[in-house]
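Visitor: Numbering (my numbering), first residue to last: 219 to 396.
Just so you know, even glycine gets a beta-carbon here, dropped at the ideal spot from N, CA and C.
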Ligand code: SF4
Ligand code: SF4
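1. What is the rounded straight-line gap between the Cα of residue 255 and the Cα of residue 338?
2. Flag this pair as yes or no: are the beta carbons of residue 279 and residue 358 separated by less than 8 angstroms?
3. Nearer than 7 angstroms: is that true of the beta carbon of residue 376 relative to any heavy atom of ligand 2?
4. Check whether the Cβ of residue 343 sits closer than 7 angstroms to any heavy atom of ligand 1, and report yes or no.
5. Just to confirm, is the Cβ distance from residue 284 to residue 380 under 8 angstroms?
6. Going straight from the alpha carbon of residue 287 to that of residue 322, what length do you get?
7. Please check the pair residue 308 and residue 299, which I expect to be a contact at CB under 8 angstroms, by giving their CB distance rounded to whole angstroms.
8. Taking the straight line between their C-alpha atoms, what separation do you get for residue 229 and residue 253?
9. Excluding five sequence neighbours on each side, which residues of the same chain lie with their C-beta closer than 7 angstroms to the C-beta of residue 325?
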């Protein structure tokens, strides 16, 4: 049969040499590698007291942005959910009613919006798909927790607080040619 790729390997029953049969060279080789690591600079740090500098283009926890007047920008169009390769985003849409114009910029808004942070791979495709500049990935780290349900982030964790705006300009303005 003709192989589809050129990656097939012919298996040979090669006889082991004396050195291979006593395993000692391999054992000492492994010990030598371990020993070398004793004298190398330690890569571990005492997090969270010590923190590594983050990359300027780090993509972490999402934020659902509000506009300058404090209204939610998201219009629950679902494009972010469609673009998400991990199927991490779900939402329920609702119609804005009279008197809610100060809360929601568009006539339709996300009554429920959830991201499963255990599914998310922080690829940023949701951000790129959004036509309303409503969702951005920030440089915030998703908190550790003990229960899986705690990683389903709803609007309470995702919507930007009006009195504490979240700056997303660093990565947006980063010159990738640098
Ligand atoms: S960053 Fe990627 S994986 Fe995470 S929610 Fe957005 S599109 Fe999905
Ligand atoms: S975040 Fe953007 S893409 Fe996602 S539902 Fe809202 S408006 Fe649509």
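Guide: So, from the listed chains and residues:
1. Here residue 255 is taken as the residue at index 37 of the chain shown, counted from 1. Here residue 338 is taken as the residue at index 120 of the chain shown, counted from 1. Distance between the alpha carbons of residue 255 and residue 338: 34 angstroms.
2. For the purposes of this step, residue 279 is taken as residue 61 along the chain shown, with counting starting at 1. For the purposes of this step, residue 358 is taken as residue 140 along the chain shown, with counting starting at 1. Yes; because the gap between Cβ atoms is below 8 angstroms, this pair is in contact.
3. Residue mapping note: residue 376 aligns to position 158 of the chain shown, counting from 1. It does not: the Cβ of residue 376 is nowhere closer than 7 angstroms to a heavy atom of ligand 2.
4. By one-based count along the chain shown, residue 343 stands at place 125. Residue 343 Cβ: within cutoff of ligand 1.
5. One-based indexing of the chain shown puts residue 284 at position 66. One-based indexing of the chain shown puts residue 380 at position 162. Yes, the pair counts as a contact, with Cβ atoms nearer than the cut-off.
6. What you label residue 287 is simply residue 69 of the chain shown in a count that begins at 1. What you label residue 322 is simply residue 104 of the chain shown in a count that begins at 1. Roughly 10 angstroms separates the two Cα atoms.
7. Within the chain shown, numbered from 1, the residue matching residue 308 stands at position 90. Within the chain shown, numbered from 1, the residue matching residue 299 stands at position 81. Going by Cβ atoms, the distance from residue 308 to residue 299 rounds to 7 angstroms, so yes, they are a contact pair.
8. Residue 229 sits at position 11 when you count from the first residue of the chain shown. Residue 253 sits at position 35 when you count from the first residue of the chain shown. Cα-Cα distance, rounded: 34 angstroms.
9. Locating residue 325 in the chain shown gives position 107, where the first residue counts as 1. Contacts found: 313, 314.
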